[in-house]
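Trainee:
In my numbering, the protein residues as written are 1037 to 1321.
1. For a test of the three-state rule: what should DSSP assign to residue 1201, helix, strand or coil?
2. Based on Cα-Cα distance, which residue from 1109, 1088, 1084 lies nearest to residue 1275?
3. Could you check if residue 1303 belongs to the surroundings of the ligand NAP, using beta carbon to heavy atom distance under 7 Å?
4. So, at 6 Å on beta carbons, what are the nonlocal neighbours of residue 1205 in its own chain, with the 5 sequence-adjacent residues on each side left out?
5. Only counting the same chain, and skipping five residues up and downstream in sequence, which positions put a Cβ closer than 8 Å to that of residue 1111?
6. Using only alpha-carbon positions, find the residue among 1096, 1283, 1143, 1173 that is nearest to residue 1315.
7. Identify every run of the beta strand (DSSP E) within the stretch 1244 to 1314, keeping only runs that are complete inside it and at least 3 residues long; order them along the chain.
8. How would you write the range of the beta strand (DSSP E) that residue 1217 sits in, first residue to last?
9. Can you tell me which of the three DSSP states residue 1070 falls into?
10. So, is residue 1296 buried or exposed, given that buried needs 16 or more other C-beta atoms within 10 angstroms?
11. How would you label residue 1128, buried or exposed, when you count the other beta carbons within 10 angstroms and need 16 or more for buried?
12. State the Cα-Cα distance for the pair residue 1085 and residue 1160, rounded to the nearest angstrom.
13. Looking only at its chain, what residues have a beta carbon closer than 8 Å to the beta carbon of residue 1273, apart from the 5 residues adjacent to it on each side?
14. Out of curiosity, what's the CA-to-CA distance linking residue 1211 and residue 1177?
15. For residue 1076, does the three-state DSSP call read helix, strand or coil?
16. To the nearest angstrom, how far is the alpha carbon of residue 1185 from that of residue 1089?
17. Judging by CA-CA distance, which residue of 1260, 1103, 1149, 1293 is the nearest neighbour of residue 1235?
18. According to the neighbour-count rule (16 or more other Cβ atoms, all chains shown, within 10 Å of its Cβ), is residue 1123 buried or exposed?
19. Nearest to residue 1091 by CA position, among 1126, 1249, 1224, is which residue?
Structural data, given as structure tokens:
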């Protein structure tokens, strides 16, 4: 493993006055209070970088986890409930999800009689949808779809398979920093993102050998999203998460995903939709 360079910390500034007056003291107290609040809001969940010997041991564990997770199925199928909350309101969707690595997906929403009402499919390049109630077919570029629906571009370009499965899919050579967790939950691994500027932070529980939290940052160090994992399937089913919470999105938007009746398979799939005859077709750039 290459030597990991710790991320430098900025030095704090000291304010000095020769003869502090009541006004100075008041201003100082206000500054301290503001600094305390800001520090509390923006403090990172990790501590100082680990020593090289500790980092090397963790790097070996990361490679072992990557080998273990590589043997897991590449396609996931199961019932999904998605709860979406934003300043504009709350929405809920329930349906059947098919996801095949790295980013192919199909999601079907049915009525109480089991008849499809809405079908969407695509990957990180395109988006398709069929609405059987309005008899409409829509297809457009995923970047345009994200722009129309206020979905952050870096989130659309992120590693969907890692986010959904909570697996280790990178080698230790991709690690640029390792730090302990401030609450002693494990260690934080920092990776350079592949498809975009910025980094990803993963909280690894070394004892259970699972990831608890996944934080995405853009090239400016701004948090794009924070994914936390709850209930999981047993170890013999690759610790597949059944509860996924996504926070830290723009406008305070939060997403809660629940999976059930999950089946993992090795076959890689691609999903495309064929608009039925007589449906209105709409193509957006």
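No residue lacks a Cβ here, since even glycine has one placed at the ideal position from N, Cα and C. Owing to the predicted nature of the structure, the values given are computational and were not obtained by experimental measurement.
Mentor: Reading off the structure:
1. helix
2. 1109
3. Questions concerning the ligand NAP fall outside what the structure shown contains, since it holds no ligand whatsoever.
4. 1198
5. Within its own chain, the residues whose Cβ lies closer than 8 Å to the Cβ of residue 1111, once the five positions on either side in sequence are excluded, are 1134, 1135, 1136, 1137, 1300, 1301, 1302, 1303, 1304, 1305, listed in chain order.
6. Looking at 1096, 1283, 1143, 1173, the one whose alpha-carbon comes closest to that of residue 1315 is 1173.
7. 1246 to 1253, 1259 to 1265, 1279 to 1283, 1290 to 1301
8. 1211 to 1217
9. Its pLDDT being 35, under 50, residue 1070 is placed unreliably by the model, and the measurement read from it follows with that caveat. Three-state DSSP puts residue 1070 in a helix.
10. exposed
11. exposed
12. Rounded to whole angstroms, residue 1085 to residue 1160 spans 34 Å at the Cα level.
13. 1298, 1300
14. 32 Å
15. With a pLDDT of 36 at residue 1076, under the threshold of 50, the modelled position of that residue is not reliable, and no figure is offered here.
16. 46 Å
17. 1260
18. Residue burial annotation: residue 1123 is exposed, with fewer than 16 other C-beta atoms found within 10 angstroms of its C-beta.
19. 1224
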